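2 protein chains.
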Amino acid sequence: MRQVAVVGAGMTRFGKHMDRTMKDLAREAIENAMQAAGVEKDAIEAAAVGNAVAGLITGQECIRGQVVLREIGIGGIPVINTENACASSSTAFHLAWLYVASGMYDMVLALGMEKLFHADKKRTFQAIGSAIDVEQSESFARKMSGEQSAGAGNSRSVFMDFYANLARQHMDRYGTSREQFARIAAKNHTNGSLNPHAQYQTRRSVEDVLSAPLIAAPLTRMMCSPIGDGAAAVLITTAEKARQLTTRPVFVKASTLGSSKEHDQDTPGIVPSVAHKAYEQAGVGPNDLHVVEVHDATAPAELLIYEELNLCQPGEGGELIDDGTTQIGGRCPVNPSGGLLAKGHPVGATGVAQICEIFWQLRGEAAQRQVSGAKVGLTENGGGVLGGENAAASIHIFTV
Amino acid sequence: MRQVAVVGAGMTRFGKHMDRTMKDLAREAIENAMQAAGVEKDAIEAAAVGNAVAGLITGQECIRGQVVLREIGIGGIPVINTENACASSSTAFHLAWLYVASGMYDMVLALGMEKLFHADKKRTFQAIGSAIDVEQSESFARKMSGEQSAGAGNSRSVFMDFYANLARQHMDRYGTSREQFARIAAKNHTNGSLNPHAQYQTRRSVEDVLSAPLIAAPLTRMMCSPIGDGAAAVLITTAEKARQLTTRPVFVKASTLGSSKEHDQDTPGIVPSVAHKAYEQAGVGPNDLHVVEVHDATAPAELLIYEELNLCQPGEGGELIDDGTTQIGGRCPVNPSGGLLAKGHPVGATGVAQICEIFWQLRGEAAQRQVSGAKVGLTENGGGVLGGENAAASIHIFTV
C-alpha cells in the first residue's frame, strides 16, 4: 500500500441552516478544501461521499454524491456514495484512502454532508432512529429505557436512553460521577467557544452543564450532541504528490473500519478492537498521541472512549478528565474542536470534520484552540447501535 | 494490485416477495454463495453491501448491511454500505474487489439486496424517483416527457420517458425500428424462460412484445424492466486462495466505476469511457468477449449499450440483434440470464446478480442457458440519471 497524505481540508460551520441546501453546504466545504490544497477540481480523480439520512430528509435517496458534485462542476469521475450512520464520512474517508493507497487514483476527495433539520421535526427523529435495526426498534427502546430515564416516544430519546444506560453502568461499576461527565461537557463547550466552525460557541461551566434540563439521568441537555446541518471535505493524495503541493502534508498512518458483533462481557467491543488494529497499522500507541477527536455523542461516551482507546485503564476515565489530561494544555487533549457536543453533529459530516480538525491541529493552523507541538493525532467515529454497541466504528491515525 | 477471483455466487429468484424481508432474501443469497465457495462465515473478513432505496421502502436508512448480516451471524468485520442507484451493488463489488486487490483483506463478501414492492405503491415510485436530482425532478419530467409518451405523473414513467426519448432519437438517426427493440425483449424473455432465478419465465415472441400495452412510445410494457425484490451475493478472494478453494476460479480482470459529467454530442458518454477503461485494465477488447450481461432497463437501452460497449459501430445495434449475434448460440450472447427485462430488476441487487450470471456462465454452470465455451465475460451496470445519461456506471470483466 502506498503512503497517503491529506493536503487540504474545509468545512462549513455546523448548525441550523434551514435556508441552505446540501449542495450549498457541500460547495463551501469542497471549495475551501481545494483552496487549502491548491488543487483545481479537474485534478480530482475520484470521490467518496458520506451521508446518512438524506433519503429521509430531502428525498434524495440515490446518487447523493453525484447530485451535489455536479452542481459544482465535478463530474466524469468515480463517485462512491457510502453510509455508516454517524460514521458515514469516516467510512468515505477510508474508501478515499483505499483508492489512493491501493494505487488506483492519486487525488481523491472525501466529503461528508448532512441536513438534519427539517420543518417537520418528526422527520428528523425518524431519520436518526433509522440507525438501529428498525424492525426491532420497539424492543430496543424498551430495553434501553430504564426507570430513571425521562422522556421517551421519539427516536432521539432512544439513543439518549442508550447512552444514559451506559453512563449509569459506569457509575455503578467504577464510582464515576455526574460531575465528571459534566466536566467533559464543560471542556468541550469551552473548546467550542474557540472554534469558528462550532455550532455552540459559548463557554460553559460544570455548573451550567449540571443545571441544564435533564434528558435521561444522568444526561443533561448540555451533555448531549445537538441536531445540526453541515459539510466537511478533505483532499488526499500520494505522499509524493503531497510533498509537491505543500511543505506540511498530514500523513495517514492508519485507516480502519469495523462493525459490531454479538459479544458478552468477556469479549472486547468494537472500538477497542478497531483501535488495536489502528495502533498496529500506524506503529504508534495511545501514549504517542498528542491530540484526539472522538465521537462524544454524549459526554459519558467520551469518557468511555478514553478507556476504549486505551488512553487510560478501564474505570479510570473519570480521573483523566479530573486531572486535566484531556483539556487543551493537558498531556493528550481530546476534542479541541468542541467535539460533537459543541462543534455539532450533522451525522454524515462528522467523521470528515474530525479529520479536518486533526489536519489543522497537526499543521499548527488551529488558532486559538491549537494544541501546541501536536505531531500525532487520532480520530474515532462511531455509527449506529446494534446489539448493545456501535454498529460501525472507524479510527484514523495521522502524523506530520 | 493483486489478482482477484470470484469463488462463489448465490441469489434468490427475483420477483414479488411481499412475505419475505430483506434479511431473509439476503440470507438465501449469502448462504448459497458460501456453500458454492465452500467458505464458512467466519472466513469472511469484510463486506460491501449495495442497496438503493431501503430507507424509503423499509425505513432502514442506516447501517443496512450490518442489520442484515448480523441476522445471519456475520459481524465484527468492516461493513461498507454503498449506494449508486441501480448500480449500487456493482459499486459494492468494486469496493470488495478493491479490498482484496489492495492487499487489505483476503476474503470479502459483496452483497446486493433490494425490496421494491410495498403495500403503498406510491412509496415504490417515490423510491425509484430518487435516482435523479430530486430538486430538479419536475423540470426533468418536463424535459423527458414528449408528446408521444403516454402516462406521466409518477417517477417510474419519468424513467420510461427518458428511455423512450433515447429510443426515438436512435430511430430518427439510424432508422432503428420498433421490431428491433421488440426482438431484444423477446430474446431476453426467452432467455429468462431458461433461468430459474428469473422473475418472468415465459417465452415471448416479437409479436407478444409489440402487442403488449404501450408505456411510452415506442416502449411497450414487455420492453421495460419490472419492479422486483431480491438479493445476490458473491465471495471474492485472492487468486492464490481461490485456487485452493476451487479448480474453477473466475478472475476479475477489470473493475471500473464512473459517473456522468456535463457533455455534448461530441464527448463520449459515461458507458463508453468506463468501458474503455475496463478494456484497457483487462487487456481485452470487445471482440474477445464470449458472454455479456448489460443493464437493459428497457429494450432500447440494451441496443444502445451494444454500441457504447463497442460490440458494434454506432447505429449498428439493430443489425446485431437482427443477425442473431447477441442471442444464445450467437457470437456474443447478451443477457443470457434474461437481463433486467425478464430476470427482473430489484435495483440494488442487479449488479451482483449480473456477476453471478457471468460466474456461472464462465464455470459452465448455467444449465439450459449455458453459452458454450464462454471464457471471457463482461457486466455493465448503470445507475440513476443526471444530465441526460446514467449518473453512475460500473463495468467488470472476468475470465477463467
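One line per chain: the protein sequences are C and F, in this order. Just so you know, we're using my numbering here: the first sequence kicks off at 98 and counts up by one. Just so you know, we're using my numbering here: the second sequence kicks off at 98 and counts up by one. For each residue, glycine too, the CB sits at the ideal point set by N, CA and C. Model, not experiment: these values are computed from the prediction.
Neighbour-count burial assignment, residue i, 16 or more Cβ in a 10 Å radius
i       : result
M108(F) : buried
G250(C) : Caution is warranted here: a pLDDT of 44 is assigned to G250(C), below 50, making its placement in the model unreliable, and no coordinate value can be reported.
G135(F) : exposed
K219(C) : exposed
D139(C) : exposed
T322(C) : Here residue 322(C) is Ser; the residue named in the question, Thr, does not match the sequence. Per the 10 Å Cβ criterion, buried.
S246(F) : Residue confidence is low: S246(F) scores 43 on pLDDT, short of 50, so the model does not pin down where it sits. Its coordinate-derived value is still stated next. S246(F) comes out buried.
Q341(F) : exposed
S357(F) : buried
P433(F) : buried
S199(C) : buried
P365(C) : exposed
V389(F) : buried
G170(F) : exposed
Q266(F) : exposed
A123(C) : buried
E454(F) : buried
T155(F) : buried
G172(F) : buried
Q233(C) : exposed
G474(F) : buried
Beta-carbon contacts of residue i that lie in its chain and below 8 Å, excluding the five residues immediately before and after
i       : result
E180(F) : G147, N148, A149, T188, G445
V482(F) : A228, I229, F237, F256, F259, A488
F111(C) : H294, A295, Q296, G325, D326, G327, K440, G441, H442, P443, A446, A450
Start and end residues, alpha helix (DSSP H) containing residue i
i       : result
M131(C) : 119–134
E462(F) : Taken as a continuous stretch (DSSP letters only), E462(F) belongs to no alpha helix (DSSP H), as it is neither H nor E.
A489(F) : Looking at the DSSP string, A489(F) is not in any alpha helix (DSSP H); the run it does join, the beta strand (DSSP E), is 486–496.
E276(C) : 275–289
A314(F) : Counting along the chain, A314(F) falls outside any alpha helix (DSSP H), and DSSP gives it neither H nor E.
F190(C) : 185–198
S308(C) : 303–308
F348(F) : First-last for F348(F): 347–356, but that is the beta strand (DSSP E), not the alpha helix (DSSP H).
Integer-rounded CB distance, given that residue j should sit under 8 Å from residue i
i       : j       : result
F313(F) : L208(F) : Looking at the sequence provided, one finds Ala at residue 313(F) rather than Phe. Not a contact, Cβ separation roughly 33 Å.
P383(F) : L408(F) : 5 Å
T334(C) : V197(C) : 6 Å
V449(F) : A351(F) : The Cβ separation is near 16 Å, so there is no contact.
L195(F) : M201(C) : 7 Å
V381(C) : I494(C) : 6 Å
G289(C) : H387(C) : Wrong, their Cβ atoms sit about 20 Å apart, outside the cutoff.
H184(F) : F348(F) : Correcting the residue type first, residue 184(F) is Ala in the shown sequence and not His. At roughly 22 Å, the Cβ-Cβ gap does not stay under 8 Å, so A184(F) and F348(F) are not in contact.
L400(C) : T299(C) : No, L400(C) and T299(C) are not in contact; Cβ-Cβ is about 22 Å, not under 8 Å.
A182(F) : C159(C) : 4 Å
A283(F) : R270(F) : About 24 Å; that fails the 8 Å criterion.
A193(C) : L206(C) : 7 Å
First and last residue of the uninterrupted beta strand (DSSP E) at residue i
i       : result
L400(F) : L400(F) -> not in any beta strand (DSSP E); alpha helix (DSSP H) instead, spanning 396–405.
T53(F)  : Look at the range of chain F in this structure, 98 to 497, and you will see that residue 53(F) is not part of it.
V473(F) : 473–483
A339(C) : Taken as a continuous stretch (DSSP letters only), A339(C) belongs to no beta strand (DSSP E), being part of the alpha helix (DSSP H) at 336–342.
Same chain, Cβ closer than 6 Å to residue i, five either side skipped, listed in chain order
i       : result
I492(F) : T353, V371, A372, A375, E477
E125(C) : T109
W457(C) : A463
G436(C) : N285, D393
M98(C)  : A198
Q277(F) : G415, I418
Q163(C) : V176
Close-in-space but distant-in-sequence residues of the same chain around residue i (CB under 7 Å, 5 per side omitted)
i       : result
T317(C) : V306, L307, A309, P310, L311
G105(C) : A130, M131, A133, A134, V136, V331, L332
P411(C) : E404
A216(F) : none
Q424(C) : K284, P430
Neighbour flag for residue i against chain A, beta carbons, 8 Å
i       : result
D217(C) : Among the protein chains of the structure shown, namely C and F, there is no chain A.
**OP:** Could you name the residues of the stretch 166–191 of chain F whose beta carbon sits closer than 7 Å to any beta carbon of chain C, in the order they occur along the chain?
**Re:** R167, G172, G173, I174, P175, V176, I177, N178, T179, E180, N181, A182, T188
Original post:
What residues in the stretch 343–358 of chain F have a beta carbon less than 7 Å from any beta carbon of chain C?
Top reply: L354, G355, S356, S357, K358
Subject >> Within 9 Å of chain C by C-beta, residues of the stretch 311–340 of chain F in sequence order >> reply: none
Subject >> chain C contacts from the stretch 425–445 of chain F (Cβ-Cβ distance under 9 Å) >> reply: V444
**OP:** Select from the stretch 383–410 of chain F all residues with a C-beta closer than 7 Å to any C-beta belonging to chain C, and list them in chain order.
**Re:** none
Original post:
Can you list, in chain order, the residues of the stretch 138–154 of chain F whose Cβ is nearer than 7 Å to any Cβ on chain C?
Top reply: A149, V150, G152, L153
Original post:
What residues from the stretch 101–132 of chain F come within 7 Å of chain C, judged by C-beta to C-beta, listed N to C?
Top reply: none
**OP:** Taking a Cβ distance cut-off of 7 Å, strictly less, list which residues of the stretch 218–242 of chain F are near chain C, in chain order.
**Re:** A224, S227, A228, D230, V231
**OP:** Could you please tell me which residues of the stretch 200–212 of chain F, in chain order, have their CB closer than 9 Å to any CB of chain C?
**Re:** G200, M201
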